[in-house]
Structure formats: structure tokens, C-alpha cells
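Visitor: Sharing a structure here in C-alpha cells format.
Residue numbers (this note's numbering), protein chains in the order written: chain A, 8 to 449; chain B, 17 to 409.
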């Protein structure tokens with residue numbers, strides 16, 4: 008790399024690949040060679056459409072959920088918080104330093120699609136990190152049905168949506184313990200994970216699926232999936248017009264498989280993906296295309312990701328997506344060049360100040376993906392306060408106006424560059440960069 | 017709660033000193049009508065179990081349905097011969113007896129499915145049951161019929177119920193040092209023409225300026241009812257402050273172990289009761305023109321479920337409280353709790369439309385016309401008549 012090349016700007020496609028598909032550009036001195044000036048943006052993205060060869064975070068020494076308890080017992084609140092902290096710090100490091108930003112974005116997308124949140128259940132603090140590592144990461148470039156099954160079976164989800172304690176009314180344990188069905192998980196699988204709310208299911212279908220999933224629980228003291236026949240509602244169930252007469256866990260599994268392949272699921276997933284990458288109200292043609300790819304590939308998520316890369320509307324230079332707080336946080340820390348400049352404890356503090364603590368979504372629906380749900384006055388002011396504080400505490404090597412061009416290339420306007428260049432001091436310049444209309448969007 | 021330790025560096029010294037306000041005072045270029053009514057809406061997110069709040073102890077089917085989570089008569093507070101109040105609602109009870117709280121039962125929005133998210137959309141958009149029917153909120157449509165009413169969302173973002181073309185702001189405590197005035201001015205200039213960021217920043221600065229006199233308190237956490245109530249009062253009572261506010265309260269989705277006299281839901285009720293009490297205290301000087309309304313997206317199953325909780329249902333309770341309220345009454349056309357009385361044989365059957373309640377309050381408290389209410393605030397709702405006598409004449 009010559010010195011001149013190091014300050015040359017990205018072209019439009021490269022900027023879009025890094026900022027819209029990825030988690031944000033890093034200064035080019037920190038980019039690996041494949042991402043330096045001249046890289047083929049689409050090829051760089053295509054290369055990420057394959058499963059991780061080695062799972063990231065493997066070296067972080069984080070505990071598998073099998074070593075944790077699914078219940079309040081086992082660890083103190085303080086220990087659980089400490090573990091959550093370690094998990095999230097490792098996750099931030101992973102995402103701030105990642106070279107495969109597109110695949111990491113997909114991890115975030117699917118993790119939010121299959122939301123687990125410790126908000127109503129602090130004991131989940133210790134399991135949410137493991138949930139993403141164990142149920143989401145291995146499948147983001149795999150098959151949707153495997154992802155659905157892994158997320159549904161994971162102890163964190165079984166706890167969060169109460170399936171762990173759901174018992175068939177006619178199961179042995181149901182008759183003895185006078186306990187029964189909990190329909191929460193079954194409803195959210197259909198409404199939020201597969202068909203979507205308009206996917207054509209009824210209250211009877213919710214109950215039928217809940218019955219088929221009875222017995223999907225965890226071991227008592229270890230957060231490991233276990234099928235418990237004594238909790239399982241016996242007999243054939245009619246679900247979405249089809250009879251399921253399988254025994255045991257195979258019954259629920261068969262139902263999940265059919266849900267994963269249902270056209271309404273294809274439509275629902277296509278809409279969410281298009282909303283995430285194109286615009287809040289995505290174009291029907293992109294949705295239809297993604298839906299068809301989902302159906303023809305039988306939910307192959309690598310093919311679906313590749314279809315996104317080939318979608319012309321995602322390569323238009325206008326910035327139509329407003330960053331969520333965590334997208335802002337991660338892209339800002341990638342932009343300032345070195346994570347080490349921000350102490351670990353400030354990462355979660357930042358997420359909290361910005362209004363998006365990881366795995367703390369207000370409901371099983373996950374974090375919203377529309378600008379209107381993030382752009383409240385106090386939210387924008389919180390971003391400003393935070394950016395100002397970041398600029399004050401973290402020195403940046405490059406002049407901010409050069410940095411802006413380096414990060415966003417032609418997607419940053421001359422007006423913004425001028426405003427940054429004319430700033431009174433480096434802190435103000437960096438604040439203006441991070442708060443600029445272009446950096447707040449992707 | 018995890019933020020107690022290791023504040024050094026990024027937040028160093030900020031919290032200890034209580035530094036909140038900065039030196040930047042933007043012009044307050046408007047004046048809200050002095051003496052305008054105050055209206056505070058509490059949105060209970062997650063589906064609040066109305067049968068657990070206003071308890072139909074007089075209904076013979078209540079206890080068999082609720083089994084382990086049923087409340088006994090001697091555990092509850094007296095309302096009338098048939099209904100009693102959950103013991104966590106001591107302030108609400110006192111207000112009811114003082115004629116300042118009115119309760120509603122077997123009430124629901126026009127939504128009849130059981131998705132939280134669609135139910136919340138209908139509750140907020142004020143449509144005739146269609147979650148995607150309207151993209152702005154009924155309270156926004158209501159406030160924009162007045163030239164200078166402003167709505168306040170407590171929290172960083174604005175919920176759908178307040179979203180729209182009307183004048184709305186949001187407020188959340190900021191614990192970081194304020195950027196200097198020059199930086200803010202330059203950013204405001206940079207945002208010129210940006211339809212999203214420019215209005216948001218402008219509103220935020222306007223609202224923060226309101227707090228400069230009395231100052232605001234940082235809540236200990238999001239459940240700190242006292243600090244939330246104090247902040248709402250400080251903002252709304254400031255000169256030029258908003259006169260309509262929405263506070264969202266989470267955690268009503270009690271699928272498991274909701275408890276009875278004590279427990280998960282009792283704690284939620286206490287928190288709500290505490291919020292009502294502090295709001296009443298902080299608004300005492302303007303109490304006669306204050307009305308607080310609490311609503312939720314749906315109720316829960318009439319029967320207890322397999323985990324001593326309740327699943328998503330339909331009919332539930334609502335409440336209105338304040339010096340402006342003509343209270344001491346329970347408004348309901350009780351549908352009964354026999355299996356055949358229940359909606360789809362499982363939920364409390366709604367016999368009262370939430371829009372009738374909202375229309376009654378908006379009509380008599382904010383003085384909106386029936387035509388506006390029927391056609392604009394709640395479109396296609398002329399068949400839903402506003403409830404009478406909720407607000408004192």
C-alpha cells in the first residue's frame with residue numbers, strides 16, 4: 008500500500024458493501040488487504056455467504072449453556088450479571104473487529120428475529136450469550152429449518168417463552184401435578200418466528216402446536232434440551248389442517264419443519280430481510296424475489312443472502328435505513344479505529360445510554376427495524392450526548408474530514424465534509440461526523 | 017442495575033456530581049395555553065389481567081376459574097357488593113372512595129385476535145380493529161386539533177399512539193455532559209432539510225430547556241415510578257410545557273406464576289399505584305384539570321393456565337383518575353364468567369369498547385367535538401358512543 012492509496016476513497020459499491028451490508032467501514036489502515044481500495048464489493052460479500060469455518064468467540068472461554076442452570080438456582084444475580092457482561096464484551100469485540108461484517112450482521116438479524124430477552128427474566132442473563140453462540144451462529148448461512156429448530160429447542164428460548172414448564176393436560180405429569188398447557192411459545196413461533204401474524208393460523212392451531220411442543224423442556228439443573236415424555240400431551244393433533252400422529256418429540260419437530268417450509272413463512276422472512284436491507288417499507292418486487300428464493304432453495308439462508316447481494320435496489324446510493332442504537336455504537340467504534348481506546352465497561356454503558364441493551368428487547372417481537380421507532384427527540388439527543396462524549400474521550404489519528412471520506416466515500420455529502428472540516432476543534436469535528444445525517448444512516 | 021460498578025472513564029464523575037443540565041438554553045418560541053387540561057395516559061404493555069385488578073368476587077365462577085391465583089374476599093379492598101380491588105391498589109382505592117377514580121370492566125379495543133403486537137397497534141392507532149389501518153396515533157390526532165397542544169412521550173422514543181403530524185416531543189434523563197452550544201448549533205445547521213433528524217433534535221432541545229428551572233431527577237432505573245412521575249410533572253407544569261403525556265409501563269405479560277395477593281402481578285399493581293399516587297401529589301396544584309387514564313392492549317384468559325399464569329385474552333379493566341374525574345363508580349355491563357358467557361369460551365367477553373371510554377374522556381376533558389371523535393380521532397366509529405359523565409361537569 009502506498010501512502011496515496013491509503014487515503015484514497017472508497018467507491019460507491021464498496022461503501023455500500025461495508026456500511027449497508029456490513030457493520031460499518033473501518034479506517035483503511037485497519038482493513039485487511041481484501042477490503043482495501045480496489046476490492047470487488049460483491050465478491051467480498053459473496054465470500055461471506057458460507058457457514059463459519061471456525062466459530063468465532065471460541066477462544067473467549069465462554070461457558071456452554073450445558074454448564075449453566077436454566078433456573079434461578081445455581082448462580083447468584085451478581086454472577087449472572089458478570090457472565091452477561093463477559094458475553095457481551097466478547098460479542099462487541101467480535102463485531103467491532105470483524106472482517107466479515109455482512110455475516111455478522113446476519114447473526115444480529117437472526118438473533119433479533121429469534122429474540123430472547125432478559126427484561127422479564129433476569130435469570131436469563133447467563134444464557135442469552137450462549138443462545139446466540141449455540142443456536143444462531145452455526146446456522147446463519149445454513150438452512151432456516153435448522154435455525155428454527157435450534158432456536159426453539161434452546162434452553163434460553165424454552166425458558167423465555169415458558170415452554171419449559173408447559174405440560175399436556177392429559178400427560179402423566181399433567182394429571183398428577185394439576186399443571187397444564189402454556190401457549191406462549193407456540194403462539195410466538197407462528198406469529199414471530201415463522202408464518203407472521205397474518206399467516207393464516209387460528210387459536211386452535213396455537214393450542215395444537217402448544218400441545219405438540221409439550222415435553223420440550225430442559226434438564227432440571229442444566230440448561231440442556233430434554234424431551235420429557237411424562238409432560239407430553241399424548242395423541243394425534245390436527246394443526247393447520249394436517250394431522251400429526253408422530254410420537255414424542257418427533258411430532259413437534261414435524262410441525263416445525265412444515266412451518267419452516269410454509270409459503271407464509273417465506274413471505275414473512277422475505278419482508279423482514281428486505282426491510283432490514285432496503286427500506287422500512289420495502290418494495291414488493293424485492294420481497295417477492297426473496298420469497299421465491301426462500302421457497303425454491305427450501306430456506307437456504309446462504310442463497311437468500313446471496314440474493315440480497317444481487318438485488319439492484321440495495322446498491323442505490325441513497326441512504327434509506329436509519330441506524331439502530333447498536334448499529335450506531337458498533338459502526339462508530341469501528342470508525343474510530345481502535346476498540347482499545349474505549350474501556351470494556353463503557354460498551355454496555357453506551358448501549359444502555361443509547362437505548363438498546365443487547366438481549367433486552369421489550370418483547371419477543373425483538374427490536375424494531377423502522378426509523379420512526381428509533382428517531383424520537385430524546386433518542387437523538389442521547390445519540391448526540393454520547394457521540395460528544397466519545398469524541399471527547401477517544402482521540403482519533405486521522406483528521407475527521409479525511410476520516411469521513413475514508414469511511415463513507417462518495418456517500419458522504421460535500422456539505423457534511425465542509426461542516427466537519429470547518430469545526431472549531433477535533434472533538435467537535437468527530438461529533439459532527441458521528442452525528443452527521445450520513446453516518447446516522449446506512 | 018449492572019451499571020453500578022466500573023463507571024470510571026466513560027462516565028467518570030458524572031453521576032456522583034449529579035451533573036445533568038448544560039449551559040445551552042434554546043429559545044422557547046411558543047406558549048402553550050395557560051390553564052389547558054392535563055391528560056396523562058398510562059399504557060400498560062403486555063396485556064394486563066383485569067380480572068386480577070378489579071376482582072369479580074361476586075361471580076360464582078370466578079374462583080373455580082382462577083383456582084390457585086384467585087383472590088379471596090378478605091384479601092381484597094371493597095368497591096361494591098360484586099367487585100373488589102386488588103390489595104396492591106391502596107391509593108387507587110382511596111381515590112375511588114374519594115370520588116376521584118372511575119373503573120371500567122369487560123372493556124377492550126375493537127381488536128379480537130391475540131397478538132400483542134397487533135393489539136398494541138390497534139390500541140395506539142385508534143382504527144376500527146386494523147393494526148395496519150392507520151400510521152399515526154389517536155392521541156396525536158386529538159392533540160393536533162388544537163393549535164398549541166403538545167404531547168410528551170416519556171422515554172427516548174415516541175410510541176405509535178403519539179406519533180403523527182401533531183406537535184410531540186420525548187424526554188428521557190441524560191446523565192452525560194451536555195455538548196457545548198457551538199457544537200449543537202453547528203449540528204442543527206447540518207441537519208437543515210433532514211426530515212427525520214432536524215425536527216427530532218429541535219424538539220429535544222426545546223424540551224430539555226423546560227427542565228432548567230426546576231431540574232429533573234435521574235430515575236434509579238426504568239421502574240423508578242417516583243422519579244418518572246416527578247419528571248413528567250416538572251415538564252408538563254413548566255411554562256410552555258406539554259399538556260398531554262404518555263407513559264408506557266412494561267411487564268404485564270404474566271404467562272407464568274402471576275401470584276395472587278402477593279407475587280409478580282401484585283408487584284406490578286403496586287408500582288402502578290405508586291405512580292398514580294406520586295402523580296396526584298405532583299399535580300395537586302392543578303388537580304382539578306388533571307385526568308389520568310390507564311389502558312392495556314387486551315386482557316387475559318379467564319381461567320388460570322398450566323403455569324399459574326394466564327394467556328392472552330380479550331376483555332379487561334381500565335381506569336380513569338384525577339381531580340377532573342367524576343369517580344366512585346364502576347362502569348360495566350358484566351357478561352358473566354360461565355363457559356358460555358366467555359368470548360370464544362375462554363376470555364372475559366368485552367361488552368364495552370375502549371374507544372367509548374377514550375371518546376368520553378377526550379370529549380369532556382379536552383373538549384373535542386363528537387364529529388371529530390367519530391370521524392377523525394377514531395375513524396369509522398360513529399356507532400361507538402362516548403361514555404358520559406366520566407369528567408366532572
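C-beta: ideal position from N, C-alpha, C; glycine also.
Are the C-beta atoms of residue 246 of chain A and some chain B residue less than 8 Å apart?
Guide: Cβ-Cβ to chain B under 8 Å: no for residue 246 of chain A.
Visitor: By Cβ distance, which residues of its chain are closer than 7 Å to residue 97 of chain B, with the 5 residues on each side in sequence left out?
Guide: Correct list, in chain order: 74.
Visitor: Report, in whole angstroms, the separation of the C-beta atoms of residue 30 of chain A and residue 101 of chain A, which I expect to be a contact under 8 Å.
Guide: So it is not a contact: roughly 10 Å between Cβ atoms.
Visitor: Starting from the Cα of residue 373 of chain A, find the closest Cα among A/164, A/405 and A/400 and give me that residue.
Guide: Out of A/164, A/405 and A/400, A/164 has the C-alpha closest to the C-alpha of residue 373 of chain A.
Visitor: Determine the direct distance from the alpha carbon of residue 161 of chain B to that of residue 292 of chain B, and round the result to whole angstroms.
Guide: In a straight line, the C-alpha of residue 292 of chain B is about 28 Å away from that of residue 161 of chain B.
Visitor: With H, G and I counted as helix, E and B as strand and the rest as coil, what does DSSP make of residue 381 of chain A?
Guide: Reduced to three states, the DSSP call for residue 381 of chain A is coil.
Visitor: Taking only beta carbons into account, state which residues of the stretch 238–256 of chain B come closer than 7 Å to chain A, listed in chain order.
Guide: Cβ contacts with chain A come from no residue of the stretch 238–256 of chain B.
Visitor: I want to verify the contact list: residues of chain A whose CB lies under 8 Å from the CB of residue 6 of chain B, in sequence order.
Guide: This structure leaves residue 6 of chain B out entirely; chain B is present only between 17 and 409.
Visitor: Among B/398, B/405, B/404 and B/407, which residue has its Cα nearest to the Cα of residue 142 of chain B?
Guide: Nearest option by C-alpha distance: B/398.
Visitor: Please report the residue range of the alpha helix (DSSP H) in which residue 136 of chain A lies.
Guide: It spans 135–138 - the alpha helix (DSSP H) in which residue 136 of chain A sits, taken as one unbroken run.
Visitor: Would you list, in chain order, the members of the stretch 190–206 of chain B that have their beta-carbon closer than 9 Å to a beta-carbon of chain A?
Guide: Cβ contacts with chain A: 190, 191, 192, 193, 194, 195, 196, 198, 199, 200, 202, 203, 205 and 206.
Visitor: So residue 217 of chain B contacts chain A; which residues on that side make the cut at Cβ distance below 8 Å?
Guide: Under the 8 Å cutoff, chain A gives 384, 387, 388 and 391.
Visitor: In whole angstroms, what separates the C-alpha of residue 171 of chain B from that of residue 280 of chain B?
Guide: Approximately 24 Å between the Cα atoms of the pair.
Visitor: Excluding the five sequence neighbours on either side, which residues of its own chain have a C-beta within less than 6 Å of the C-beta of residue 319 of chain B, listed in chain order?
Guide: Closer than 6 Å at Cβ, skipping near neighbours: 81.
Visitor: Residue 172 of chain B versus chain A: which residues are under 8 Å apart at the beta carbon?
Guide: Within 8 Å Cβ-Cβ: 362, 383, 385, 386 and 389.
Visitor: With distances taken Cα to Cα, identify the nearest neighbour of residue 363 of chain B among B/314, B/337, B/335 and B/406.
Guide: Out of B/314, B/337, B/335 and B/406, B/314 has the C-alpha closest to the C-alpha of residue 363 of chain B.
Visitor: Do we get a CB-CB distance below 8 Å when we pair residue 143 of chain B with the residues of chain A?
Guide: For residue 143 of chain B, the answer is no, since every Cβ of chain A falls outside 8 Å of its Cβ.
Visitor: In chain B, which residues lie less than 7 Å from residue 442 of chain A when you measure between Cβ atoms?
Guide: Result: 203.
Visitor: Once you ignore the five residues that flank residue 177 of chain A on each side, which residues in its own chain have a CB closer than 7 Å to its CB?
Guide: Contacts found: 240 and 241.
Visitor: Counting only runs of 3+ residues fully inside the stretch 266–336 of chain B, write out the beta strand (DSSP E) ranges in chain order.
Guide: Qualifying beta strand (DSSP E) stretches, in chain order: 306–312.
Visitor: Quick one: what does DSSP say residue 248 of chain A is sitting in, helix, strand or coil?
Guide: Three-state result, residue 248 of chain A: coil.
Visitor: Secondary structure at residue 204 of chain A, three-state DSSP: helix, strand or coil?
Guide: In this structure, residue 204 of chain A counts as coil in the three-state DSSP scheme.
Visitor: Which term fits residue 76 of chain B, buried or exposed, when burial requires 16 or more other beta carbons within 10 angstroms of its beta carbon?
Guide: So residue 76 of chain B ends up on the exposed side.
Visitor: Looking at the secondary structure, which residues open and close the alpha helix (DSSP H) in which residue 247 of chain B lies?
Guide: Run containing residue 247 of chain B: 241–253, per the alpha helix (DSSP H) assignment.
Visitor: Start and end of the beta strand (DSSP E) containing residue 37 of chain A?
Guide: That residue, residue 37 of chain A, is in no beta strand (DSSP E); it is neither H nor E in DSSP.
Visitor: So with CB distances below 7 Å, who are the chain B contacts of residue 187 of chain A?
Guide: Residues of chain B passing the Cβ test: 321 and 322.
Visitor: Could you tell me whether the Cβ of residue 396 of chain A comes closer than 8 Å to any Cβ of chain B?
Guide: Yes, residue 396 of chain A lies at the interface with chain B (some Cβ there is under 8 Å from its Cβ).
Visitor: Which chain A residues are close to residue 223 of chain B, counting only those with a beta carbon under 8 Å from its beta carbon?
Guide: Residues of chain A passing the Cβ test: 384 and 385.
Visitor: Output needed for residue 241 of chain B: all residues of its chain with C-beta closer than 7 Å, excluding positions within five of it in sequence on either side, in chain order.
Guide: Once the five neighbours on either side are set aside, the close Cβ partners of residue 241 of chain B are 287, 290, 291 and 294.
Visitor: What does the alpha-carbon distance come out to for the pair residue 66 of chain B and residue 310 of chain B?
Guide: The straight-line gap from Cα to Cα measures roughly 12 Å.
Visitor: Does residue 115 of chain B come out as helix, strand or coil in the three-state DSSP assignment?
Guide: Coil at residue 115 of chain B, not helix or strand.
Visitor: Do you know offhand how far residue 18 of chain A's Cα is from residue 115 of chain A's?
Guide: Going from the Cα of residue 18 of chain A to the Cα of residue 115 of chain A covers about 26 Å.
Visitor: Roughly how many whole angstroms lie between the Cα atoms of residue 429 of chain A and residue 436 of chain A?
Guide: If I take the Cα positions, the gap works out to 8 Å.
Visitor: Report back the beta-carbon spacing between residue 223 of chain A and residue 268 of chain A to the nearest angstrom; my notes put them in contact at under 8 Å.
Guide: About 20 Å; that fails the 8 Å criterion.
Visitor: Measure the C-alpha to C-alpha separation of residue 78 of chain A and residue 169 of chain A and round it to an integer number of angstroms.
Guide: Cα-Cα distance, rounded: 12 Å.
Visitor: What number of angstroms, rounded off, separates the C-alpha of residue 45 of chain A from the C-alpha of residue 106 of chain A?
Guide: Using only the alpha carbons, I get a separation of about 16 Å.
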